[in-house]
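Structure, as structure tokens:
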């Protein structure tokens with residue numbers, strides 16, 4: 001059998017065609033003594049098909065906690081004993097958070113709500129928030145509001161929402177062990193509607209939720225089929241009071257192997273560091289991932305967990321001579 005990295009060099013680096021699920025699995029099964037080689041190839045792919053720029057984003061929760069869904073990793077579910085309680089953020093605070101995000105050099109600011117899907121009250125809040133931010137801050141506005149109807153997709157597009165985040169979370173075959181209150185197909189359908197409406201689609205998931213390597217490869221292949229503009233890669237940070245609270249952290253080498261493999265499966269996609277990287281990878285591993293396929297990063301804190309200081313991440317980008325992507329006038 002031909003060496004998978006030689007295949008990837010031709011297929012992905014030279015031709016720009018991402019690995020399929022079977023090929024991704026072969027990368028995930030590479031031994032540790034070939035990890036550096038895998039990361040180096042992923043970095044070459046990133047530089048050729050995406051360039052050196054790094055997209056920086058900040059996120060803030062408009063509505064935190066009290067979600068009716070039972071996503072087993074999430075402390076915002078109202079079904080678990082985790083400590084996050086429902087709270088709403090006012091519009092002035094939202095605008096201030098957008099200002100602070102823009103001050104880091106970020107080009108994207110994402111409004112997030114812990115809901116199954118938005119009701120009219122939330123849609124009204126988002127409309128007010130998007131309008132206020134766009135009037136006050138030069139930054140793209142993204143949203144993550146759960147599953148949508150076609151009318152809601154159209155309304156968000158009309159508001160000027162630049163990008164919509166809706167994660168598949170994991171492979172279709174593993175989803176039932178992660179969420180039981182809705183289906184993987186429902187998430188997929190929302191993603192398709194978003195893409196067809198002309199908004200950019202942000203769709204990724206969480207690694208380390210008990211999935212096998214085969215399922216991780218399956219997930220990479222499914223994302224390749226969906227072809228989102230951005231894939232955020234989270235690593236499980238087990239939260240107290242959730243069904244996954246006792247899950248072990250993913251090993252750093254396995255996280256890096258996953259990053260590189262997803263880059264080879266998605267050569268032209270924005271691949272973003274998201275939650276859990278601080279615990280799973282630490283400072284050195286974070287640097288290795290930036291040199292192994294990552295080309296976007298969330299700065300500051302996440303929705304219910306602390307991240308690295310924005311200054312630390314921006315300093316890392318400066319050390320690696322990776323310029324921050326400028327805000328495009330065409331968006």
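In full-length UniProt numbering, the protein residues as written are 1 to 331. Backbone N, C-alpha and C fix where the C-beta goes; we use that ideal spot for every residue, glycine too. In this text, all values refer to a predicted model and were calculated from it rather than measured experimentally.
Q | Coil, strand or helix - residue 190 by DSSP | A | Correct three-state label for residue 190: helix.
Q. In whole angstroms, what is the alpha-carbon distance linking residue 251 and residue 280?
A. When only Cα atoms are considered, residue 251 and residue 280 end up about 7 angstroms apart.
Q | Sheet register partners of residue 67 (DSSP bridge) | A | Partner residues in the beta bridge of residue 67, as assigned by DSSP, are 77.
Q: Would you mind working out which of 322, 94 and 239 sits nearest residue 291, comparing C-alpha positions?
A: Put simply, of 322, 94 and 239 the residue whose alpha carbon is nearest the alpha carbon of residue 291 is 322.
Q. Residue 126 to residue 139, Cα distance in whole Å?
A. Taking the straight line joining both Cα atoms gives about 16 angstroms.
Q: Measure the C-alpha to C-alpha separation of residue 273 and residue 296 and round it to an integer number of angstroms.
A: Rounded to whole angstroms, residue 273 to residue 296 spans 6 angstroms at the Cα level.
Q: Starting from residue 111, follow the beta strand (DSSP E) in both directions and report where the run begins and ends.
A: Counting along the chain, the beta strand (DSSP E) containing residue 111 begins and ends at 108 to 113.
Q: Say yes only if the C-beta of residue 172 is nearer than 6 angstroms to one or more non-hydrogen atoms of the ligand GTP, and no if none qualify.
A: Judged by which ligands are present, the structure shown has none, so any question about the ligand GTP falls away.
Q.
Using a 10 Å radius around the Cβ and a threshold of 16 neighbouring Cβ atoms, would you call residue 93 buried or exposed?
A. Residue 93 should be labelled exposed.
Q: Whole angstroms is fine: what's the gap from residue 39's alpha carbon to residue 143's?
A: Distance between residue 39 and residue 143, taken at the CA atoms: about 31 angstroms.
Q. With distances taken between CB atoms, is the gap from residue 191 to residue 166 smaller than 7 angstroms?
A. Contact flag set, yes.
Q.
Quick check on residue 304: does DSSP put it in helix, strand or coil?
A. For residue 304, the pLDDT reaches just 42, beneath the cut-off of 50, and the residue's location in the model is therefore unreliable, although a value from the coordinates is still provided. Secondary structure at residue 304: coil, using DSSP grouped into helix, strand and coil.
Q: Have a look at 116, 253, 104 and 51 and flag the residue whose alpha-carbon is nearest the alpha-carbon of residue 357.
A: For the chain, the structure presents residues 1 to 331; residue 357 sits outside this window and is missing.
**Q.** Range of the contiguous beta strand (DSSP E) that encloses residue 296
**A.** DSSP places residue 296 in the uninterrupted beta strand (DSSP E) bounded by 296 to 298.
Q: Under 8 angstroms Cβ to Cβ from residue 229, same chain only, skipping five residues before and after it: list those, please.
A: In the same chain as residue 229, and ignoring 5 residues on each side of it, the C-beta atoms closer than 8 angstroms to its own belong to 163, 200, 201, 202, 269 and 270, in chain order.
Q) Between 7, 11 and 18, which lies nearest to residue 227 when the distance is taken from Cα to Cα? A) Closest by alpha carbon: 18.
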